[in-house]
Amino acid sequence: MTVWDDFVAVLETENELLRELVELSVAKQKQINDAQEVSRLAGEEQSRLTRLEGVDKERAALFDALSGGKKLEEWLPS
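Last residue of the sequence shown: 69 (the numbering used here), numbering continuous.
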């Protein structure tokens, strides 16, 4: 795998985690009167957020490798 392939894979993982977080949020809203279920869903959210934080750091490191040391503003066309 190339750095570019790794970057794309990390973006896909990030997107999936974000989709899961949205689904959990919707589920919490539907279960708002069930404190135990809301608590369980919040625990799942926390797990996803912790994982997302790690994936985000990996994405940032891969972006730095791909960008050749340039900042995002310099890398993107004007």
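Note that CB positions come from ideal geometry on N, CA and C, so glycine has one too.
In this structure, the straight-line span from the alpha carbon of residue 1 to that of residue 34 is close to 23 angstroms. Remark: C-beta atoms of residue 8 and residue 36 do not approach each other more closely than 8 angstroms.
In the three-state reduction of the DSSP assignment, residue -3 falls in the helix class.
For the pair residue -6 and residue 57, the CB atoms are nearer than the 8 angstroms cut-off.
In the three-state reduction of the DSSP assignment, residue 20 falls in the helix class, which pools H, G and I.
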